[in-house]
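Inspection log for the structure reproduced underneath, given as structure tokens.
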Amino acid sequence: MKKTSFLIAGTLLCHAFCLNAQIETPTMGWSSWNTFAVNISEDIIKGQADAMVSQGLKDAGYQYINIDDGFQYGRTAAGKVRSHPQRFPRGIKVVCDYIHSKGLKAGIYSDAGDCTCGSLSNGDTKNTNVGFYGYEQVDADYYFKELEFDFIKVDYCGGSHLGLNEQAQYTAIHDAIVNTGKDVRYNLCRWAFPGTWCHDISTSWRTTGDISDSWKSVKGILAENLYLSAYCYDGCYNDMDMLEVGRSMSEEEDKTHFGMWCIMSSPLLIGCNMATLREKPLELLKNPELIALNQDPLGLQAYVVQHI
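Take 1 as the starting number for the sequence shown in the numbering used here and just add one per residue.
So this is what it looks like as structure tokens:
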């Protein structure tokens, strides 16, 4: 196994003075983007919900099935985001309800601007005019009151494209979510630490660009998060992006990747196809000791104490 050039000290020991025993711990679940990108469907998402249960991942603590980019198809005359007619012919509500029927929670995706990353980078042209911009309360009411999703990842490709003020726009979305009266986990996907303001409006925020299925990518993301521990507290977390465990990295690389995400209190969102997980990565993703570190109710992140 390759050695790193730093020493990490984590919050491995609990103490008797945890101020908030009800603090939210990092999100654990699965997201569609790493494996499927925009090529998702009702059957794919339902199959992953089934696999989370049958593979024992639900029992290990994973609970969110998050639908990323690719489910949208413009807007209806009433302004609501329309579900893609080929990928989700019965609508997205059917899928959300199915996820809930498995005892799991359901997550959805949008953008702070007008269009999504899929429309700009993946040629998914129907994903224009489906972001929150100009529809903040309409979309919040639709996703959380009507469809009953529990989590949302809000990207920034459309926001960047429009040159929006990110703090103002992400705060407007937060306010719209609060207005629904629903308990929603709100993830900001800005691809860099946004600033201390994000702590007041969200439960997690991406700190880097997208992860890829390579050891170089994992090391780069780890390095960019080494000095962000001060911003991880009160149930709010630095999001190091989705997990690549179970794809093409070596067993030792997978172990290091998962272990670092756990002790640094990152959300744990599986990114592979759970239905085809091999024995070793599945065993790793269910490791109770590592998960216990990640889900420590103190909610603190490991930090560097010495370079060696």
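Glycine residues also receive a C-beta, built at the ideal position from the N, C-alpha and C atoms.
On a predicted model such as this, the values are computed, not experimentally measured, just so you know.
Discussion item. Considering just the uninterrupted stretch of the alpha helix (DSSP H) at Trp261, what are its terminal residues?
Written reply: Per DSSP, Trp261 is one residue of the alpha helix (DSSP H) stretching across Glu251 to Ile263.
Worksheet item: With a Cβ-Cβ cutoff of 7 Å, do Ile152 and Tyr98 count as a contact?
Response: A distance of 7 Å or more separates the beta carbons of Ile152 and Tyr98.
Fill in: Completely contained alpha helix (DSSP H) runs for the stretch 88-113, where each covers 4 or more residues
If we require 4 residues or more, the alpha helix (DSSP H) runs fully inside the stretch 88-113 come out as 92-101.
Discussion item. Please report the distance separating the alpha-carbon of Val245 from that of Ile221.
Written reply: Their Cα atoms are separated by approximately 15 Å.
Worksheet item: Rounded to the nearest angstrom, how far is the Cβ of Gln295 from that of Gly74, given a contact under 8 Å?
Response: At roughly 39 Å, the Cβ-Cβ gap does not stay under 8 Å, so Gln295 and Gly74 are not in contact.
Worksheet entry | Span separating the alpha-carbon of Met218 from that of His257 | For the sequence presented, residue 218 should be read as Val rather than Met. As the crow flies, the alpha-carbon of Val218 is around 7 Å from that of His257.
Discussion item. Quick check: Cys311 and Cys189, are their CB atoms within less than 7 Å of each other?
Written reply: Here the chain has residues from 1 to 308 only, and residue 311 is not among them.
Discussion item. Tell me the rounded alpha-carbon separation between Gly91 and Ser83.
Written reply: Going from the Cα of Gly91 to the Cα of Ser83 covers about 5 Å.
Worksheet item: Leaving out the 5 sequence neighbours to the left and right, which residues in its chain are closer than 8 Å to Asp69 when beta-carbon positions are compared?
Response: Here the set comprises Trp33, Ala37, Val38, Tyr109, Thr116, Cys117, Gly118, Asn122, Asp124, Asn127 and Asp155.
Worksheet entry | Own chain, CB closer than 6 Å to Gly299, minus 5 neighbours either side, in chain order | Excluding positions up to five away in sequence, the list reads Ile23 and Gly235.
Practice prompt. Can you tell me which of Pro267, Ile201, Ser229 and Leu147 puts its alpha carbon nearest to the alpha carbon of Trp30?
Written response: For Trp30, the nearest C-alpha among the options comes from Pro267.
Item to complete: Ignore the nearest five residues each way along the sequence and tell me which others in Phe71's own chain have a CB closer than 7 Å to its CB.
Response: Only residues of its own chain outside the window of five on either side were considered, and among them Ile40, Ser83, His84, Arg87, Phe88 and Ile92 have a CB closer than 7 Å to the CB of Phe71, listed in chain order.
Fill in: Assigned exposure category for Val304 - 16 Cβ within 10 Å defines buried
By the neighbour-count criterion, in which 16 or more other beta carbons inside 10 Å mark a residue as buried, Val304 falls on the exposed side.
Worksheet item: So who's on the other strand from Gly29, going by DSSP bridges?
Response: Residue pairing of Gly29 in beta bridges, as defined by DSSP: Tyr64 and Leu269.
Item to complete: Quick one: using the 10 Å Cβ neighbour count with 16 as the cut-off for buried, is Lys280 buried or exposed?
Response: Its Cβ having fewer than 16 others within 10 Å, Lys280 is exposed.
Worksheet item: From Val94 to Tyr233, what does the alpha carbon distance come to, in whole angstroms?
Response: Using only the alpha carbons, I get a separation of about 36 Å.
Worksheet entry | Own chain residues within Cβ distance below 6 Å of Val184, not counting five before or after | Same-chain partners within the cutoff: Phe144 and Ile177.
Item to complete: Helix, strand or coil for His307, going by three-state DSSP, please let me know.
Response: In the structure shown, His307 falls within a strand segment according to DSSP collapsed to helix, strand and coil.
Practice prompt. Examine the ligand MN and report whether any of its heavy atoms sits within less than 6 Å of the Cβ of Ile201.
Written response: Judged by which ligands are present, the structure shown has none, so any question about the ligand MN falls away.
Item to complete: Take the Cβ of Asp43 as the centre, count every other Cβ of all protein chains shown within 10 Å, and call the residue buried at 16 or more, exposed below.
Response: Exposed: under 16 other Cβ atoms inside 10 Å.
Worksheet item: For Ser41, which three-state DSSP category applies?
Response: Taken through DSSP and simplified to helix, strand or coil, Ser41 comes out as coil.
Worksheet item: In the structure shown, what three-state DSSP assignment does Ala21 receive?
Response: Residue placement at Ala21 is poorly supported in this model, since its pLDDT is 40, which falls under 50; the coordinates are not used for a value here.
Fill in: Among Asp210, Gln306, Asp241 and Asn179, the one whose alpha carbon lies nearest that of Leu204
At residue 204 the sequence reads Ser, which differs from the Leu that was named. Answer by Cα proximity: Asp241.
Worksheet item: By DSSP, does Val184 sit in helix, in strand, or in coil?
Response: Three-state DSSP puts Val184 in coil, outside helix and strand.
Worksheet item: Would a C-beta distance cut-off of 7 Å place Met28 and Met274 closer than the cut-off?
Response: Against a cut-off of 7 Å, the Cβ pair of Met274 and Met28 comes out as no contact.
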